[in-house]
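Residue numbers (this note's numbering): -14 to 283.
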């Protein structure tokens, strides 16, 4: 296996220095790119990026050799550690035998420098091998880091495109119930407004009942509670007048018979003759002072 020569180490070190320099220039370019035209900044960035890629490729060519060298140095480190452990045990064993009394002072004094020298030599070899392994490992890490930094798209898997967020379903606006809508439009049922009673007009036919105003009809639910004045036709007016006369006649005592209305025969009129109004010709109770239809004094 080919060993890493000093020339190769120097070449790798120079490439690492170039990589660090180019990375510093790119960072500085990012800081100044806002003050220069974009096309100029992109041209300089492209130059630095291309040079950095070349340095990374050159470092990759030495990767196999460096990996083999690190395996060899690791073997040397294992041997040095084994020698250190063996020499350290030999030194401690001789010390123990001297303390027990097996070895006298002269023997211990003679063997002690040799054992300590072996321990020191193995310790130095272990340190050198460990430093070499650490240096080569760092070198490989830098090469791998340079490759990853130069080609982030190749080193890392491409990011999956985020799935489009599903729009939250819009909540249907609750439609008001048709009945509730009608109630909200019409509002509370308004009480009918009674019109002022009109002056009674004389009714021909000898009716005795005094005309009273007809009750106002309740507003229809379909018209939205409006207060429009009811329209009364001629037939309706005549019917209402007859109804008023019938009600008035039923409330009088004694009750009088009318030729146009069918009144209950609850009381018979006896005694004095009825009074006839000279103004309208209506018949009145003999005890009345005024005409019950037109109001003229009898």
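C-beta: ideal position from N, C-alpha, C; glycine also.
None of these values were measured; they are calculated from a predicted model.
- Between residue 59 and residue 118, the C-beta gap is smaller than 7 Å, which places the two residues in contact.
- In this structure, 30 is the residue among 25, 30, 1, 22 with its C-alpha nearest to the C-alpha of residue 11.
- Contact check for residue 37 and residue 7: beta-carbon distance about 4 Å, within the 8 Å limit, so the pair qualifies.
- In this structure, the CA atom of residue 72 is about 49 Å from the CA atom of residue 9.
- Judged by DSSP secondary structure, residue 84 falls within the alpha helix (DSSP H) whose first and last residues are 48 to 85.
- Below 8 Å, enough C-beta pairs join the segment 69 to 85 and the segment 99 to 106 to call them touching: three or more.
- Beta-bridge partners assigned by DSSP to residue 282: 275.
- With a 10 Å radius around the Cβ and a threshold of 16 neighbouring Cβ atoms, residue 54 comes out buried.
- A direct Cα-to-Cα measurement between residue 262 and residue 272 gives close to 13 Å.
- Under the three-state reduction of DSSP, residue 88 is assigned to coil, being neither helix nor strand.
- Only exposed fits residue 28, as fewer than 16 other CB atoms lie within 10 angstroms of its CB.
- The alpha-carbon of residue 19 is positioned some 18 Å away from that of residue 33.
- For residue -9, the enclosing alpha helix (DSSP H) has its first and last residue at -9 to 17.
- Distance check between residue 93 and each of 108, 76, 107 places 76 closest, using alpha-carbon atoms only.
- The three-state secondary structure of residue 259, taken from DSSP, is coil.
- For the set 86, 88, 266, 56, the Cα lying nearest the Cα of residue 121 is the one of 56.
- According to DSSP, residue 23 shares a beta bridge with no other residue.
- In this structure, the straight-line span from the alpha carbon of residue 15 to that of residue 124 is close to 27 Å.
- Taking every protein chain shown into account, the CB of residue 95 has fewer than 16 other CB atoms within 10 angstroms, so this residue is exposed.
- Taking residue 62 as the centre and dropping the five residues before and after it, the same chain places the C-beta of 111, 114, 115, 117, 118 closer than 8 Å to its C-beta, in chain order.
- Put simply, the backbone Cα of residue 23 is about 58 Å away from that of residue 65.
- Residue 97 has its alpha-carbon roughly 16 Å from the corresponding atom of residue 85.
- Nearest neighbour of residue 41 by Cα position, chosen from 88, 129, 78, turns out to be 129.
- By the criterion of a C-beta distance shorter than 7 Å, residue 283 is surrounded in its chain by 260, 262, 269, 273, 274, 275, 276, once the five residues flanking it on both sides are discounted.
- Its chain contains 65, 68, 69, 72 as the residues whose beta carbon lies nearer than 7 Å to that of residue 107, once the 5 sequence neighbours on both sides are disregarded; these appear in chain order.
- Distance from the CA of residue 50 to the CA of residue 126, rounded to the nearest whole angstrom, comes to 14 Å.
- Residue pairing by DSSP places residue 268 opposite 261 in a beta bridge.
- Scanning its chain for C-beta atoms nearer than 7 Å, with the 5 sequence neighbours on each side dropped, one finds around residue 3 the residues 40, in chain order.
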